[in-house]
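K.L.:
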Amino acid sequence: MGQVTIYLDDETESRLKASAGSRGVPVSRWIAELVRERTATEWPEEVRRPAGAWPDFPDAEALRGGQGADLRREPF
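What follows is the structure in structure tokens.
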């Protein structure tokens, strides 16, 4: 397990301790959770859960159905 030293101004330290205290977790755990959250490489469960929740929502093919064919791109 790594150990990190950070320097905070007094106001930020107070806010950190208050927030960790209100959640009932040690400051080190509060910071670790924040780092995990901010460096996550996947969407949070709260975002993924609603995916597919609307069965009547049209799929990509239905949305693009009436647009016609793409135009040919110009060469570089």
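Heads up: the sequence shown is residues 503 to 578, going by the numbering used here.
All C-beta atoms, glycine included, are put in the ideal place defined by N, C-alpha and C.
(1) Which residues bound the alpha helix (DSSP H) around L518?
(2) Look at the Cβ atom of W532, then the Cβ atom of A542, and state whether they are nearer than 7 Å.
(3) How many angstroms separate the CA atom of F559 from the CA atom of R525?
(4) Straight-line CA distance for E515 to E535?
P.N.:
For this structure:
(1) 512-525
(2) no
(3) 38 Å
(4) 17 Å
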